[in-house]
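A quick write-up on the structure given underneath.
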Ligand code: UDX
């Protein structure tokens, strides 16, 4: 089968490369000439472990191509995936669908033979039907069906998530489209991956319902962490005690500075807006959106407290900038809330991230010094702050930190350090929700 994937961003690139690994012929199309040139030269524009090998292998095998023009590949395609961006629309929080609709119009003109048009981008309920209407209007003779096939890929483990998903969700309206989609995911049968066929609207909503639920789950444990700090309990034990109940499950109960990334902030907001449009109020999700924004901003106060109530003139070492490890993605990272606030309060900031510094620099105040490793970041710092839980930071021992830093305050927003050991070594160790540790002084 021949596939065309429109949009070579995170989702398009990973999906296209993985489908080519399944053995299909995949053409990835993107308007960005520089991006296509660099992909053809073997350079991957995003940081995703394993993606470079996967792309190189399938390009060499002749199954994966990159180009700026969509005409010929759409004409030959059995399925065309729309994987363009759906950012939050400026001003109103709705998902911006202009790229999806523009792509639909372009595809329509070049369709030839029966083709399934699949939305892979995260799109609000009703979008699939609008895509169908646009294609029909642009090319009344086109022989096509639309399908919805949301992605559930986590940055940093996207290839594994594609190859070994918990489930595949597909919204279709005809047997012909169902057959094409079933054939595309047949390679997953060997793992007995559940494939849920449903309607367009249901499939579109599943994506938002799932992401918003995870955002709720994270916010719930973050609020429990707040409560643990007040009552002297340990949130890790609370999470463990909750998570062992199989109805709850242990995953996504790690407390932190608040969720970020390319999906949760945008998708929670878009779900709230969709509900509003249909006269419903998803109050829980509404609350989570507000709480998470406040939480990220409030992390600055922990740093100020650790610095003795005032950061003016103090040197603060920031370990980690990306919204999570194994990615260079800065979108909605808590670092973007915390760092400008600290700079505005007079702090001298040194920052280090193993992958995200190039992405971070244009988004952060000019006065920040970016260092080439964790050691030079920590050198002579009054306060160390962990924002992203990169593995290389976990190895920092109290003795090493003592030697490098001038001060003795550590703000561990991901709870990666052995808190007892840090406290024993004389550090003022501020964490998330582990109030009981103070007893180890
Ligand atoms: C997410 C979804 O997991 C994925 O299914 C979806 O399709 C895209 O969005 P991603 O944004 O890559 O993936 O990262 P994820 O690992 O889900 O983390 C999202 C945010 O939640 C990060 O800021 C992370 O730090 C935070 N998080 C996650 C927590 O604070 N605690 C947790 O227990 C888990």
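Residue numbers (the numbering used here): 23 to 463. The C-beta atom is built at its ideal place from N, Cα and C for all residues, glycine as well. This one's a predicted model, so the numbers in the text were calculated from it and none came from an experiment.
Spatially closest choice to residue i from the options, by CA coordinates
i, options, result
"residue 233", "274, 203, 213", "274"
"residue 221", "289, 124, 168", "168"
"residue 379", "217, 442, 399, 448", "399"
"residue 365", "262, 87, 331, 390", "390"
"residue 119", "307, 108, 29", "108"
"residue 56", "26, 88, 41, 349", "88"
"residue 249", "277, 268, 32", "277"
"residue 171", "180, 150, 383, 268", "150"
"residue 32", "62, 315, 285, 190", "285"
"residue 82", "98, 61, 97", "61"
"residue 59", "42, 41, 80, 91", "91"
"residue 110", "42, 430, 283", "283"
"residue 52", "29, 194, 117, 40", "29"
"residue 213", "229, 230, 231, 182", "182"
"residue 376", "430, 394, 451, 245", "394"
"residue 231", "269, 304, 162", "304"
According to DSSP, residues forming a beta bridge with residue i
i, result
"residue 456", "256"
"residue 50", "27, 88"
"residue 431", "405, 450"
"residue 139", "102, 168"
"residue 372", "339, 391"
"residue 193", "170, 220"
"residue 154", "For residue 154, which the question treats as bridged, DSSP gives no partner whatsoever."
"residue 110", "117"
C-alpha distance - residue i paired with residue j, whole-angstrom precision
i, j, result
"residue 444", "residue 458", "14 Å"
"residue 344", "residue 68", "13 Å"
"residue 188", "residue 272", "15 Å"
"residue 224", "residue 216", "16 Å"
"residue 463", "residue 432", "Only weak support is given to the placement of residue 463: the predicted model assigns it a pLDDT of 48, under 50, and the question is left unresolved by the model."
"residue 371", "residue 419", "22 Å"
"residue 46", "residue 78", "15 Å"
"residue 139", "residue 259", "47 Å"
"residue 504", "residue 293", "No information on residue 504 is available, as it lies outside the stretch 23 to 463 that the chain covers here."
"residue 413", "residue 346", "11 Å"
"residue 35", "residue 227", "23 Å"
"residue 302", "residue 363", "36 Å"
"residue 355", "residue 287", "10 Å"
"residue 146", "residue 200", "21 Å"
"residue 114", "residue 300", "16 Å"
"residue 434", "residue 265", "23 Å"
"residue 186", "residue 267", "24 Å"
"residue 382", "residue 72", "23 Å"
"residue 184", "residue 324", "38 Å"
"residue 361", "residue 322", "8 Å"
"residue 295", "residue 247", "29 Å"
"residue 406", "residue 43", "43 Å"
"residue 204", "residue 66", "29 Å"
"residue 49", "residue 117", "26 Å"
"residue 350", "residue 162", "43 Å"
"residue 206", "residue 195", "17 Å"
Own chain, CB closer than 8 Å to residue i, minus 5 neighbours either side, in chain order
i, result
"residue 438", "408, 411, 415, 416"
"residue 156", "123, 126, 127, 130"
"residue 153", "104, 122, 123, 126, 139, 141, 168"
"residue 75", "none"
"residue 310", "234, 237, 238, 241, 290"
Own chain, CB closer than 7 Å to residue i, minus 5 neighbours either side, in chain order
i, result
"residue 358", "352, 385"
"residue 64", "78"
"residue 251", "455, 457"
"residue 424", "447"
"residue 198", "136, 167"
Same chain, Cβ closer than 6 Å to residue i, five either side skipped, listed in chain order
i, result
"residue 401", "426"
"residue 336", "329, 369, 404"
"residue 165", "136"
"residue 93", "132"
"residue 392", "373, 379"
"residue 280", "314, 317, 318, 356"
"residue 452", "324, 328, 433"
Whole-number beta carbon distance between residue j and residue i, since they are thought to touch under 8 Å
i, j, result
"residue 341", "residue 313", "Going by Cβ atoms, the distance from residue 341 to residue 313 rounds to 25 Å, so no, they are not a contact pair."
"residue 202", "residue 100", "6 Å"
"residue 307", "residue 238", "7 Å"
"residue 86", "residue 38", "7 Å"
"residue 219", "residue 192", "5 Å"
"residue 134", "residue 106", "In fact, because the Cβ distance is near 22 Å, the residues do not count as touching under 8 Å."
"residue 70", "residue 180", "6 Å"
"residue 96", "residue 160", "Going by Cβ atoms, the distance from residue 96 to residue 160 rounds to 12 Å, so no, they are not a contact pair."
"residue 348", "residue 178", "3 Å"
Any chain C beta carbon closer than 8 Å to residue i
i, result
"residue 188", "As a matter of chain content, chain C is missing from the structure shown, which is built from one protein chain."
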